[in-house]
Amino acid sequence: MEIKPIIAPSLLSADFGNLKKDVQMLNKSKADWIHMDIMDGVFVPNISFGIPVVKAVRQLSEKPLDTHLMIVQPERYIHAFKEAGADMLTVHWEACTHLHRTIYQIKEEGMLAGVALNPHTPVAGLEDVINDLDLVLIMSVNPGFGGQKFIPRALHKIAALREMVERNNAETLIEVDGGVCRDNLADIMAAGADAVVAGNAVFKAEDPKKEILTLKNI
Ligand code: DX5
Ligand code: ZN
């Protein structure tokens, strides 16, 4: 059976002057989740938006909020993101000294727990927590900015992670973030992904709603 990708448009590429319009467009689209990129200017060299914006989007959105924390010490903000309305909370492997504890703090708040891996971080580092995870986010660009080019090596990491998930009988979803577009989505899915983030591919398209549909049907 053909499996359709879970599509998570990233609001980082949306029109911040008219976020309401873009969220309403996503509500009417075939998007499955809304991906929200939180950057602190320390873990990544850029600052995006924070908790009040997640809260505002929660009021407008009919889709689950897939929240990607590119911040140091993310454990300090787990409760605040739950309060703001996040459904899924993904922290970076590289930002967590006590990753296992942080995963369970996210779950105890009633959110799905995800871990993101930077392009240089081997998938093997997840072996001992794979059964605890709802989601793994494979970064296919260096986090910090939208509109970057997909790093092809990510395809091997997706395949290695798929193998790990199967071997451990885990139910972990594999999501891919960075440079995803209609030209590489088939390869990403063939490598073993379940979900993809798409920022520029959606919001810079002439008709974003139609582009989401195109991605969904690849
Ligand atoms: C990058 C972010 C991505 C970004 C993706 O740090 O994690 O979610 O918004 O944007 P595109 O799809 O344009 O690469
Ligand atoms: Zn992201």
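Note that this note's numbering has the sequence shown beginning at 151, numbered continuously upward. Positions of the beta carbon are idealized from the N, C-alpha and C atoms, including for glycine. If you're wondering where the values come from, they're calculated on a predicted model, not measured in any experiment.
Selected residue, minimal CA-CA separation from residue i, among the options
i      : options                        : result
Asp216 : Arg226, Thr240, Ser290         : Thr240
Phe353 : Ile156, Ser163, Ile157         : Ser163
Lys170 : Val330, Ile221, Met189, Glu212 : Glu212
Val286 : Gly294, Pro272, Gln298, Lys299 : Pro272
Glu244 : Gln223, Asp237, Ile256         : Gln223
Leu176 : Gly294, Gly191, Arg208         : Arg208
Phe193 : Lys205, Phe231, His242         : His242
Cα-Cα separation between residue i and residue j, rounded to whole angstroms
i      : j      : result
Lys154 : Asn318 : 23 Å
Ile288 : Asp327 : 6 Å
Leu219 : Leu262 : 13 Å
Leu249 : Ile197 : 23 Å
Pro202 : Ala234 : 7 Å
Ile228 : Cys246 : 13 Å
Glu356 : Ile280 : 39 Å
Val265 : Asp237 : 14 Å
Beta-carbon proximity list for residue i, same chain, < 6 Å, skipping 5 on both sides
i      : result
Ser179 : Lys359, Ile362
Ala341 : Leu305, Ile308, Ala309
Met339 : Pro155
Val315 : Thr322
Start and end residues, beta strand (DSSP E) containing residue i
i      : result
Leu365 : Unbroken run through Leu365 is the alpha helix (DSSP H), 358-366; no beta strand (DSSP E).
Ala263 : 262-267
Val286 : 285-289
Ala348 : 345-348
Val241 : 238-242
Asp172 : Not the beta strand (DSSP E): Asp172 falls in the alpha helix (DSSP H), residues 169-178.
His185 : 184-189
Opening and closing residue of the alpha helix (DSSP H) in which residue i lies
i      : result
Ala206 : 201-210
Ala230 : 228-234
Glu313 : 304-317
Residue i Cβ short of 6 Å to the ligand DX5 heavy atom set
i      : result
Val347 : yes
Asp337 : no
Asp327 : yes
Gly296 : yes
Leu215 : no
Pro195 : no
Pro159 : no
Pro272 : no
Leu125 : Because the chain is modelled from 151 through 368, residue 125 falls outside the range shown and cannot be assessed.
Pro293 : yes
Leu365 : no
Asn350 : yes
Leu239 : no
Any non-hydrogen atom of the ligand ZN closer than 6 Å to residue i Cβ
i      : result
His242 : no
Asp187 : yes
His218 : yes
Cutoff 7 Å; reference residue i; Cβ partners in own chain excluding five residues on either side
i      : result
Ser160 : His185, Asp187, Gly296, Val347, Ala348, Gly349
Arg226 : none
Gly329 : Ser290, Val291, Gln298, Lys299, Phe300
Same chain only: Cβ atoms within 8 Å of residue i, ignoring 5 sequence neighbours per side
i      : result
Asp344 : Ile153, Pro155, Ile156, Leu323, Ile324, Glu325
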